[in-house]
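Peer 1: Heads up: the sequence shown at position 591 corresponds to 591 in this note's numbering, and the numbers run straight through without jumps.
Backbone N, C-alpha and C fix where the C-beta goes; we use that ideal spot for every residue, glycine too.
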Amino acid sequence: MASVNPFDVSDSEEEAERRPNETVDTERRPSEGAPGPPPGNPFSPPADAEPPTLLLSSNRTSPSGEGTAASAVATSAMAGGAETRVSVDLIAAQLLRDQYILTALEFHTELLEAGRELPRLRDYFSNPGNFERQSGTPPAKDQALGPGGPLNRVGSISTLDSLDFARYSDDGNRESDERVAESEVPSQERKNFKSSPEIQEPIRPLEKRALNFLVNEYLLKNEYKLSSITFSDENDDQDFELWDDVGLNIPKPPDLLQLYRNGGSSLSSPRDKADASVGVAFGDLPGNCIGREPLKKPDLSQQQQSEVVQELEYQLNLLNSEKQSLAEQIKKLQSEIQTLKKSVSSPHPASLELRSQNSPNLSSSVPSLDNGQYLDVRGVSEAENDLASPAAQNTSQPQQPTCNKVTGQPRVQFDQPNRKLSPAFQQALLSFCRMCSESRLGAEVSRIADSEESVMLMLGRCLPHIVPNVLLAKREELIPLILCTACLHPEPKERDQLLHILFNLIKRPDDEQRQMILTGCVAFARHVGPTRVEAELLPQCWEQINHKYPERRLLVAEACGALAPYLPKEIRSSLVLSMLQQMLAEDKADMVREAVVKSLAIIMGYIDDSDKYAQGFELMLLSLGDPSERVVNAVHQVFIPAFAAWTTELGTLHTALIPSLLARIEKLLTQGEHGLDEHKLHVFLSALQSLIPPLFAVVLQNAPFTSRAKPHEDIPSIEVTRFPRPASPLQDMAIIIGSRELLSSLLLLYDHQLEHEGTTGWESLLWVVNQLLPQLIDIVGRINVTSSTCVHEFSRFFWRFCRTFGKIFTNTKVKPQFQEILRLSEENVDASAGNGILTKATVPIYATGVLTCYNQEEDRKLLVGFLEDVMTTLSLSHAPLDSLKASFVELGANPVYHELLLTVLWYGVVHTSALVRCTAARMFELLVKGVNETLVAQRVVPALITLSSDPEISVRIATIPAFGTIMETVTQKELLERVKMQLASFLEDPQYQDQHSLHMEIIRTFGRVGPNAEPRFRDDFVLPHLHKLALANNSQTVESKRIDIAIHLFEAYSALSCCFISEEVMVNHFLPGLRCLHADMEQLSPEHEVILGSMIKECEIKVENRGISDAQGSISIASSLVGEDAKTKFLSKMGQLTTSGAMLANVFQRKK
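#1: For Leu584 and Leu619, which I take to be in contact (beta-carbon distance under 8 Å), what is that distance rounded to the nearest angstrom?
#2: Assuming Leu248 contacts Leu211 under a Cβ cut-off of 8 Å, what Cβ separation, rounded to an integer in Å, is found between them?
#3: Assuming Leu538 contacts Leu575 (C-beta within less than 8 Å), just tell me the rounded distance between them.
#4: Does DSSP classify Ile203 as helix, strand or coil?
#5: Let me know if Lys885 comes out buried or exposed under the rule of 16 or more other beta-carbons within 10 Å of its beta-carbon.
#6: I'd like the span of the alpha helix (DSSP H) that includes Pro694, first residue to last.
#7: For the putative contact between Val720 and Leu773, defined by C-beta atoms under 8 Å, what is the C-beta separation to the nearest angstrom?
#8: Figure out for me which residue from Leu987, Leu1049, His1048 and Leu1056 has the closest Cα to the Cα of Met1018.
#9: To test your reading of the DSSP string, which unbroken beta strand (DSSP E) runs of 3 or more residues are found completely within the region 230 to 266?
#10: Can you have a look at Leu554 and say buried or exposed, based on whether 16 or more other CB atoms are within 10 angstroms of its CB?
#11: DSSP state of Asp714, grouped into three classes?
#12: Classify Trp762 as helix, strand or coil using the three-state DSSP reduction.
#13: Could you tell me the alpha carbon to alpha carbon distance between Ile837 and Ala589, rounded to whole angstroms?
#14: Counting C-beta neighbours from all protein chains within 10 Å, is the total for Val909 16 or more, i.e. buried, or is it exposed?
#15: To the nearest whole angstrom, what separates the beta carbons of Leu927 and Leu900, a pair I think is in contact under 8 Å?
#16: Report, in whole angstroms, the separation of the C-beta atoms of Thr852 and Leu863, which I expect to be a contact under 8 Å.
#17: Name the two residues that bound the continuous alpha helix (DSSP H) containing Phe432.
#18: Within the continuous alpha helix (DSSP H) that includes Ile920, where are the two ends?
#19: For Arg572, name the three-state secondary structure that DSSP assigns.
#20: Rounded to a whole number of angstroms, what is the C-alpha to C-alpha distance between Ser709 and Ser745?
#21: Around the Cβ of Gln324, are there at least 16 other Cβ atoms within 10 angstroms (buried) or fewer (exposed)?
#22: For Pro490, which of Met458, Leu505 and Lys474 has the nearest alpha-carbon?
#23: Grab me the residues of Val638's own chain with a C-beta within less than 7 Å of its C-beta, minus the 5 sequence neighbours each way, in chain order.
#24: Please work out which residues of its chain come closer than 7 Å, Cβ to Cβ, to Phe888, disregarding the five sequence neighbours upstream and downstream, and give them in chain order.
#25: Give me, in chain order, the residues of the same chain whose beta-carbon lies closer than 7 Å to that of Ile779; leave out the 5 immediate sequence neighbours on both sides.
#26: By Cβ distance, which residues of its chain are closer than 7 Å to Glu117, with the 5 residues on each side in sequence left out?
#27: To the nearest whole angstrom, what separates the beta carbons of Thr786 and Asp882, a pair I think is in contact under 8 Å?
#28: Is Glu741 near Pro711, with beta carbons less than 8 Å apart?
#29: When DSSP labels each residue in this structure, what does Tyr1053 get in the three-state scheme?
#30: Can you list, in chain order, the residues of its chain with a C-beta nearer than 7 Å to that of Phe1006? Leave out the 5 residues immediately preceding and following it.
#31: Here's a check: name, in chain order, each residue in its chain whose Cβ is nearer than 8 Å to the Cβ of Lys1028, leaving out the five neighbours to either side.
#32: What residue from Phe231, Pro464 and Val955 has the CA that sits closest to Ser875's CA?
#33: For Lys493, does the count of other Cβ atoms within 10 angstroms reach 16, so buried, or fall short, so exposed?
#34: Quick check: what's the CA-CA separation for Ile957 versus Glu1001?
#35: Between Pro724 and Ser795, how many whole angstroms is the CB-CB distance? I'm expecting something under 8 Å.
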């Protein structure tokens, strides 16, 4: 069939509307009986339809005799008689057929001016393909030019309809009567029809679809598969598998590369082209066109359509007959092959020779594992190579059906013709069947599996080629296919390759994709059993244990845990445990180590080798010391409960695991006399805290009443607050015991046993009471009471311990042991050494960990009484108040206890002893920061005002830090004014003029709260009074008092130097105060004098430059020490100071 340009078809909707019944004919052979025009008048059409036309590319130059052509047309028209009128369309067709192009153009223009546009001419002149030429030289005069003769090529693809003549006019008027006249166009220019390359028609829908098809085909052929997928997604309204979906009823054109190489034209001659725009009457066709192959076009008359259908049906019947014949031959030859395989031990030499010549790739493309399990449809020719012997050619005898060795089903039989063709001739004949068996894919397509095993073999070969071509985001869709094939494939090497693909399926799998892969691994393990899991899946994990992507290592860590139930027990406790231990110690990604810990927990849930206990304990300590919080959380939530469950079965939870942790804590306390490692203490104590639920489960499961516990419906449900909230389901008591009903039954018997029957014979509980509790209380008494972290950790531990073991156990077993130690008497307080039990951490831990675990009225009264007694005892004994302060700090962190603490302090405010009142005043300082302003206004300030007028001066002085803290934290103006008035009375009242202790306390308080206080309070009150105190200290005669005040003033000014100070306050108060202090330091402390000199110098420079740098706002003294000499001198002198570290810390304190 002739090649046709796919872009030569017009899809004009206007033409469809104006010519609904117009048809376009294909060229037909005379033998088919095509209707033609009457012999006498070639232009007169039949009575029922227009003459059939042929779509040709009429590419021939116009002859010079154009006037002759017009007269010929007229003469031919008159020959038909008066009864026949020649249609305009026939005239146009004749002009185009005879290549009178310019005449046709003038005819088209005149029709346009008359308002009668002819679709045939419009389509012809709007089709660029009608103006193509094969060479730049016009044909010779004696050259036989048919209707497909070439025209000279135009300058561009623009046509008459796409030309905007007004573009070249002066006024841009687009009226038709002012277009460029045909006579004004030079003849050569009219022949070549050169137009501007910028003027192009917009792309038409069919053209776009055809181009899209060719572009997609190009992308696929050149391995741009992802681009092709994206391109098809963007054109989802088009099917790129079928050319017919484009909508052009023409054969598929050459590919994009061939079109490019041939300049957009086909390799065939112009005579083989057909033009979709020109229709010529069949009778007017020259004789040299009769033998050409018919072209099928979409618009046919009804009669012609029926003939085309008949022809196509005939061809279809021929093809079906040929297909059926070939299928029968294949069937017969296949049966012959099977018969020969059974009867002949070795192939015929001629067959081998013929097979080696004609099918060189057959042995390489067909694996030896097929064993006849594939139906070979590559062609009869290859199968007939085995029929070279004369015995095999006798097909008249009936063939016995053979059976498939695998499925037992009879082989497919084919009828063979009773012919005597030579195998070579058959081979050559069948070679014309276009089948591809040389490539890998062709070999796979040509063999159809007919059993499960052969399907698995095929999938094993094809999947490695499919996976790389699937989008990364959709590759998890392949997981079921890969796993099924890996499960059922008979070859270990192929299974290993498939599992390798599974673990490398996605470059960096996310959570959902990892879960899908793990689900598949578990399904694989359930199907194949432990031996194959060990041999096939574990090596894949081992290979990726050091992969560069953490997501892949995470997959390995999670797979070890997921596969643990399906592995041999020896492998669980050896290889897998070692892999996870290596990853825990070496992997740098937190999420990987977290997954490792969880997988280790699963291993601990399935391990049954008691020799691995020590390794499990070391793994627990190693993971508890991990720097990542998420890893440590996983240890407490998963690993420790699983490990504790194993030690419970071994009977070593309370005999080995908990004692080992306690021994390590005691070792820390022994080694930490000069500095306790609080982090390690936290690690061990948190592990102990996570072991409380398993320990209580051991107590319940080994109790005298355990055998009597039977769950039933009438047992009351457990209170929600009975147990502390578990960190994970594995720490839920109901899950540890087995069920909530069983736990309820055990708890009822537990409380009854403790309250009425005692603990005789209850070994696990006796161990808790007689060994665990005394050891814990002893440890508590040895920790540093000033370490708020340690106090908090132990308080939380005892709180969870008491809540887990219950109120009866706490009241009857825990509190008595603490009360025995904390006897509230002076013999428990060593005032000289400060090492009495009431000064240790036992007091805050008992108060906050034991007495607060239950919050009923009697419990609150007991807590209040204990704190009041401790405050009284410590105050009267002149003992350090650290234990009481630690209690207030720990309890003050919870707003629930604020009222309770204020009650305790009010008890001290009204106490008869000045020592107790002084202690109460100092405790207010700790409480103010956490209490809301309402309580401060209603409870705290009245109490402090009362204490500020106390007869004892020491009590009044003790209120100053609390007043300062109020100035630092409270925002209510009324409260601030009351506090300011009280502090002013301390500074300005003559009775306090000589109170050295009061002045020192005020200076220390100003230095502490000044940087964080309200700026107005600092500028109007703090700095002026510091100036006064510094000035008064210059005249102090007692040198010890003078140096004390000077050092406290230095620390206060150092802390305030980082604040923003206005110029007025700087000049009037800050600098004068520094100069007064500098005068004292010159005589008392030269090392301080150097630093003060630098500060004064920098302040003076800043004040002098204030006019220039006024836009910079307030000044910060600490940030102004930029000179290298001043900086070096400042740092060197700071290292020589002998003041306390707490005082020097305020030097660099910044405004919060």
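Peer 2: The answer reads as follows:
#1: In the sequence shown, counting from the first residue as 1, residue 584 sits at position 584. In the sequence shown, counting from the first residue as 1, residue 619 sits at position 619. Contact holds; Cβ gap of about 7 Å.
#2: As a working mapping, residue 248 is identified with position 248 in the sequence shown. As a working mapping, residue 211 is identified with position 211 in the sequence shown. That belief does not hold up - the Cβ atoms of Leu248 and Leu211 are roughly 12 Å apart, past 8 Å.
#3: Stepping through the sequence shown from its first residue, residue 538 is reached at position 538. Stepping through the sequence shown from its first residue, residue 575 is reached at position 575. The Cβ separation is near 7 Å, so the contact holds.
#4: Reading the sequence shown from its first residue, position 203 is the one you call residue 203. If DSSP states are grouped into helix, strand and coil, Ile203 belongs with coil.
#5: As a first step, residue 885 is located in the sequence shown; it is residue number 885 there, counting from the start. By the 10 Å Cβ count, Lys885 comes out buried.
#6: In the sequence shown, counting from the first residue as 1, residue 694 sits at position 694. Residues Ile692 to Gln701.
#7: Locating residue 720 in the sequence shown gives position 720, counting from the first residue. Locating residue 773 in the sequence shown gives position 773, counting from the first residue. Wrong, their Cβ atoms sit about 27 Å apart, outside the cutoff.
#8: As a working mapping, residue 1018 is identified with position 1018 in the sequence shown. It is Arg, not Met, that sits at residue 1018 in the sequence shown. Measuring from the Cα of Arg1018, the nearest candidate turns out to be Leu1056.
#9: none
#10: Counting from one through the sequence shown, the residue named residue 554 turns up at place 554. Leu554 comes out buried.
#11: Within the sequence shown, residue 714 is the residue found at index 714, counting from 1. Reduced to three states, the DSSP call for Asp714 is coil.
#12: Your numbering for residue 762 matches position 762 in the sequence shown. Three-state result, Trp762: coil.
#13: In the sequence shown, counting from the first residue as 1, residue 837 sits at position 837. In the sequence shown, counting from the first residue as 1, residue 589 sits at position 589. Spanning the two alpha carbons is a distance of roughly 46 Å.
#14: Looking up residue 909 in the sequence shown gives position 909. By the neighbour-count rule (16 or more Cβ atoms within 10 Å), Val909 is buried.
#15: Along the sequence shown, one-based indexing puts residue 927 at 927. Along the sequence shown, one-based indexing puts residue 900 at 900. 11 Å between Cβ atoms; not a contact.
#16: By 1-based counting over the sequence shown, the position of residue 852 is 852. By 1-based counting over the sequence shown, the position of residue 863 is 863. Yes, they are in contact, since the Cβ atoms of Thr852 and Leu863 sit about 7 Å apart, within 8 Å.
#17: As a position in the sequence shown, residue 432 is number 432, starting the count at 1. Here Phe432 belongs to no alpha helix (DSSP H), and DSSP marks it neither H nor E.
#18: Position 920 of the sequence shown holds residue 920. Position check: residue 920 holds Ala in this sequence, whereas Ile was assumed. Run containing Ala920: Ala914 to Val928, per the alpha helix (DSSP H) assignment.
#19: Taking the sequence shown and counting its residues from 1, the one referred to as residue 572 is at position 572. Arg572: helix per DSSP, three-state reduction.
#20: Here residue 709 refers to the residue found at position 709 of the sequence shown. Here residue 745 refers to the residue found at position 745 of the sequence shown. Per the sequence presented here, residue 709 reads as Ala, with Ser not at that position. Their Cα atoms are separated by approximately 6 Å.
#21: Mapped onto the sequence shown, residue 324 falls at position 324. That one is exposed.
#22: The residue you call residue 490 lines up with position 490 of the sequence shown. Minimum Cα distance to Pro490 is reached at Met458.
#23: By one-based count along the sequence shown, residue 638 stands at place 638. Once the five neighbours on either side are set aside, the close Cβ partners of Val638 are Val597, Lys598, Ala601, Ser728 and Leu730.
#24: Residue mapping note: residue 888 aligns to position 888 of the sequence shown, counting from 1. Counting only Cβ-Cβ distances below 7 Å, and skipping sequence neighbours, we find Leu901, Met923, Leu926 and Leu927.
#25: Here the question's residue 779 lines up with position 779 in the sequence shown. Excluding sequence neighbours, Ile779 sits near Ile665, Glu666 and Leu669.
#26: Along the sequence shown, one-based indexing puts residue 117 at 117. Counting only Cβ-Cβ distances below 7 Å, and skipping sequence neighbours, we find Leu111.
#27: Working through the sequence shown from its first residue, we reach residue 786 at position 786. Working through the sequence shown from its first residue, we reach residue 882 at position 882. Sure, about 6 Å apart at Cβ, within 8 Å.
#28: The count along the sequence shown starts at 1 and reaches residue 741 at position 741. The count along the sequence shown starts at 1 and reaches residue 711 at position 711. For Glu741 and Pro711, yes; Cβs fall inside 8 Å.
#29: As a position in the sequence shown, residue 1053 is number 1053, starting the count at 1. Reduced to three states, the DSSP call for Tyr1053 is helix.
#30: Sequence index remark: in the sequence shown, residue 1006 carries index 1006 (1-based). Taken in chain order, the residues that qualify are Val1022, Leu1026 and Ala1052.
#31: Here residue 1028 is taken as the residue at index 1028 of the sequence shown, counted from 1. So the qualifying residues of the chain are Leu987.
#32: One-based indexing of the sequence shown puts residue 875 at position 875. Selected option, being the one with the closest Cα: Val955.
#33: Against the sequence shown, residue 493 aligns to sequence position 493. Exposed, by the Cβ-count rule.
#34: Here residue 957 refers to the residue found at position 957 of the sequence shown. Here residue 1001 refers to the residue found at position 1001 of the sequence shown. Approximately 7 Å between the Cα atoms of the pair.
#35: Reading the sequence shown from its first residue, position 724 is the one you call residue 724. Reading the sequence shown from its first residue, position 795 is the one you call residue 795. Actually they do not touch by this definition, with Cβ atoms about 13 Å apart.
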